[in-house]
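Report on the following structure.
Below is the structure:
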């Protein structure tokens, strides 16, 4: 078991290019199944138009491994 607070501090790393994408900013849970559908990654980059942080939504099936410090994902930009 893992707590959401522990999940949010892990770095997200893309296995396709080895780049760090950011940290978990949000989790989308399907209320009918009780399963996580996707995670939203805050990249730390600011969008100039809205002055908001850029976000990437990664479907749960693209998460390859959850380790102690990192979450490995397979994500095509």
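Residue numbers (the UniProt record's numbering): 1 to 77. Don't be surprised by glycine CBs; every beta carbon is placed ideally from N, CA and C. For clarity, every value in this text was computed on a predicted model and none was experimentally measured.
Would you check if the distance between the CB atom of residue 38 and the CB atom of residue 58 is smaller than 8 Å? yes
Determine the closest residue to residue 72 out of 17, 5, 4 and 2, with distance taken between C-alpha atoms. For residue 72, the nearest C-alpha among the options comes from 17.
Buried or exposed (CB count within 10 angstroms, at least 16 for buried), residue 77: exposed
Continuous alpha helix (DSSP H) stretch holding residue 4: start and end: 4 to 8
Length of the line joining the Cα atoms of residue 32 and residue 15: CA-CA distance, residue 32 to residue 15, rounds to 31 Å.
Please classify residue 41 as buried or exposed, where buried requires at least 16 neighbouring CB atoms within 10 angstroms. When all chains shown are included, residue 41 counts as buried.
Buried or exposed for residue 24, going by 16 or more other Cβ atoms inside 10 Å? buried
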